[in-house]
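First residue of the sequence shown? That's 1122 in my numbering, and the numbers climb one at a time after it. Right, one structure below, let's go through it.
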Amino acid sequence: MSLTNAPDPAFRQAVVRRDLDNVLHPIVQHRLLETRQVVVTGAQGSTIYDADGTAYLDAMAGLWCVNIGYGRIELADVAAEQMRQLAYYPHSAMNVPAAALAEQINGLVGGGYHTYFVNSGSEANEAGFKIARQYQKQEKPGQFRFKTISRYFAYHGTTLATLDAGGMGERKAKFEPYSGDFVHVAHPHCYRCPFGLEYPSCNLACVKNMETAILGEGPETVAAILVEPIMSGVGVAVPPDEYLPEVEKLCRKYDILLHVDEVINGFGRTGKMFAHQHYGVKPDIIAIAKGISSAYMPIAATVVKNNVFESFLGEASENRQVVQVNTYGGHPVAAAVAVRNIEIMLEEKLADRSAEMGAYLMDGLRTLMRHPHVGEVRGKGLLVGIELVKDRASKEPASPAQVGAVVDFCKENGVLVGRSNGGRKYGGVITMSPPLVITRAECDRIVETLDRALSKIDFS
Ligand SMILES: Cc1ncc(COP(=O)(O)O)c(C=O)c1O
C-alpha cells in the first residue's frame, strides 16, 4: 500500500476479517465494527486515509495527540538511526536522547524541573500520585498526606488510580469500588456552573468548594490537588483566568502539591507550549504525554519541580529514591523521536500557529451560533468545544443521539470530529483538537461541514 493509498477492496476486506476474528478493541462496540469500520492505512498532514481510498480530515488529531501532523517521514529516520545506535537499555542507566529530551522539557517549562519518563498519560499521572505521596511521607513524617483533590467530570487516564482520580461516573462505574483516596470537588465549567452561578459574580464558588474539601478532609491528609488546566473530556471547559492562580494559592496555603495534567493541553495545543503558562502558575508536578512525540512513539513523563526532586536526593542508605521503575521509561528511540518532534514544533512555531489558527477556527465556528441549537463555542488555541442544546434558553443538552448524528454526518462527509464523554448531562459537546498544522482551508471545511450538519439534524 502506498501512504496515500489507492483503493484496494480485497486487501481491506482481508484486514477487516482478520481484525474482527482476533482483536479486542477499546471503547467501540464490536457489533458496530462488523458493519462500519475505518481501516487506516496512511496519513498526511491533517488527513487520514482508509484502505477503501476515503480521505478524512482528522479534526481530532487522532486522540488529541498528533500535534505536528501526520506523515513526517524524518521522524522515521530519527527512529531508525537511534534503533541502530541503541534500541533499548533500562533507564536506571543514562541514555543520550532521554537526557536531551529532559533538558528540552526543562527549558520549555521555564527551568527548575526534573523529568521522570513513562509511556502514557495515565502512567504520567499515576507516577505523579506516587511521587506526591512519597514526597509528603519524606517531608512531613508526622502527617499522613495521601489524598488527592480532583474535580468531577475530569478525565486523567485509564488505570484504576487515574480513573479514581477522574470524575466521570459512566467511565468508572463498571470497575467500582475504588480506593477512596481521591476527593472530588465541583469543576469550573461556567456554561453549566455546578452552583448555578454566573461569572464573575460567582466569586469563584468552585475554588471555595475546593477549600471546603481541603478543610473538611483535613489539610494534613492531602498530598496534592490535580487539575487539567482546560478540561478537555467534559467538552473543553475553559476556566476563568483567576481559577488556576487561586488553586495554586490554596496549594501554597495548605502545603499541598499542585499537580497539573497537561496530557492534552500541553505541547502547543492551547496556543502556548503548556496551558498552565496562560495563567502564570508554577506547578509542582506536570503530567505530559501525547504531543510530547505527537504520538509518533509512545512516551510520556512526570515533570517535577526541583523542590520536589530534592526530596528524592540523599545517600543510598536513606532510601529516598523514586521507588518505581517501568521497563520502557526513557526509551531511547521514543525519546529521540520526541526530541525531534519538539524541535519541529519550535522551528515551525506551532504553539503560535495554534493560537492563530484556533482564533480563525473559532471565528468561523461562532458564525454557527445562528443555528438555534448551538449553545456556546469555546476553547483556547486549537482545543475547541461546541455545546449543542435542545433549547438555548434552558441549556437543555442535545441528546446523545443528536450529538452522534452530527458526528456521523461529519464523518460521512469526510470530517472527523469528536464528542465529549463527560456524562449524560455534559454529553452535548462536539470537540475538536486538530493537528497544529491545520490550514485555513481545512478550518473552513470543518465549519462548512458542521453548518450543513446543524441544518440537517432534527434537534426537537
Ligand atoms: C487529560 C488526560 N489525562 C490523561 C490521559 C491518559 O492518557 P493515556 O491515554 O496516554 O494513558 C488522557 C487521555 O486521553 C487525558 O485526556
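Ideal Cβ placement from N, Cα and C applies to all residues, glycine included.
- [ ] Please list, in chain order, all residues of the same chain as Glu1363 whose beta carbon is under 7 Å from its beta carbon, the five residues on each side excluded.
- [x] Leu1325
- [ ] In the DSSP assignment, find the unbroken beta strand (DSSP E) run with His1397 in it and report its ends.
- [x] No beta strand (DSSP E) holds His1397; DSSP gives it neither H nor E.
Task: Residue(s) in a DSSP beta bridge with Arg1499 - done: Gly1506
TODO: Would you check if the distance between the CB atom of Val1425 and the CB atom of Pro1218 is smaller than 8 Å?
DONE: no
Open item on the list: At a cut-off of 7 Å, would you count Ser1353 as near ligand 1, judging by its Cβ distance to the nearest heavy atom?
Closed with: yes
Open item on the list: ligand 1 and Ala1421: does any heavy atom of the ligand fall closer than 7 Å to the residue's C-beta?
Closed with: yes
- [ ] Check each candidate in Ser1515, Val1199, Val1495, Ile1559 and name the one with the smallest Cα separation from Val1536.
- [x] Ile1559
Open item on the list: Assuming contact is defined by CB atoms lying nearer than 8 Å, are Leu1222 and Tyr1417 in contact in what I supplied?
Closed with: no
Open item on the list: Let's see if you can read the secondary structure: which residues bound the beta strand (DSSP E) around His1235?
Closed with: 1234-1239
TODO: With a threshold of 16 other CB atoms inside 10 Å of the CB of Arg1138, please say whether the residue is buried or exposed.
DONE: exposed
Open item on the list: Give me, in chain order, the residues of the same chain whose beta-carbon lies closer than 8 Å to that of Ser1576; leave out the 5 immediate sequence neighbours on both sides.
Closed with: His1492
- [ ] Go ahead and label Ile1551 buried or exposed: buried means 16 or more other beta carbons lie within 10 angstroms of its beta carbon, across all protein chains shown.
- [x] buried
Task: Host alpha helix (DSSP H) of Gly1479 (start-end) - done: 1471-1487
Open item on the list: Alpha carbons only, please: which of Ile1194, Val1368, Pro1555 is nearest the one belonging to Ile1346?
Closed with: Val1368
TODO: Determine the DSSP secondary structure at Arg1573, reduced to helix, strand or coil.
DONE: helix
Open item on the list: Could you check whether Gly1485 and Gly1500 sit closer than 8 Å to each other, using their CB atoms as the reference points?
Closed with: no
Task: Distance between Tyr1400 and Ala1574 (C-alpha atoms, nearest Å) - done: 35 Å
TODO: Spatial neighbours of Gln1398 within its chain, please: CB distance less than 7 Å, with the 5 preceding and 5 following residues excluded, ordered by chain position.
DONE: none
Open item on the list: For the region 1243-1263 against the region 1273-1292, do three or more pairs of beta-carbon atoms, one drawn from each stretch, fall closer than 8 Å, so that the two count as touching?
Closed with: yes
Task: Length of the line joining the Cα atoms of Ala1358 and Gly1392 - done: 15 Å
Open item on the list: I'd like to know whether the C-beta atoms of Gly1149 and Ala1422 end up nearer to each other than 8 Å.
Closed with: Checking the displayed sequence, the identity of residue 1149 turns out to be Val instead of Gly. Cβ atoms of Val1149 and Ala1422: not closer than 8 Å.
Open item on the list: Is it buried or exposed, Pro1453, if we count other Cβ atoms within 10 angstroms and call 16 or more buried?
Closed with: buried
Open item on the list: Taking its Cβ as the centre, do 16 or more other Cβ atoms sit within 10 Å of Gln1134, making it buried, or is it exposed?
Closed with: exposed
TODO: Go to Ile1465, then tell me how far its alpha helix (DSSP H) extends in each direction, as first and last residue.
DONE: 1453-1468
Task: Beta-carbon proximity check, Gly1356 vs Glu1508, cutoff 8 Å - done: yes
Open item on the list: Closer than 7 Å to a non-hydrogen atom of ligand 1 - does that hold for the CB of Asp1285?
Closed with: no
Task: Of the residues Leu1378, Phe1430, Ala1455, Leu1434, the one placed nearest Lys1411, counting alpha carbons only - done: Ala1455
Open item on the list: For a quick check, are the C-beta atoms of Thr1269 and Ser1243 less than 8 Å apart?
Closed with: no
Open item on the list: Does Ser1123 come out as helix, strand or coil in the three-state DSSP assignment?
Closed with: A caution first: Ser1123 carries a pLDDT of 44, below 50, which makes its placement in the model too unreliable to give a value.
- [ ] For His1277, verify whether its CB is less than 7 Å away from any heavy atom of ligand 1.
- [x] yes
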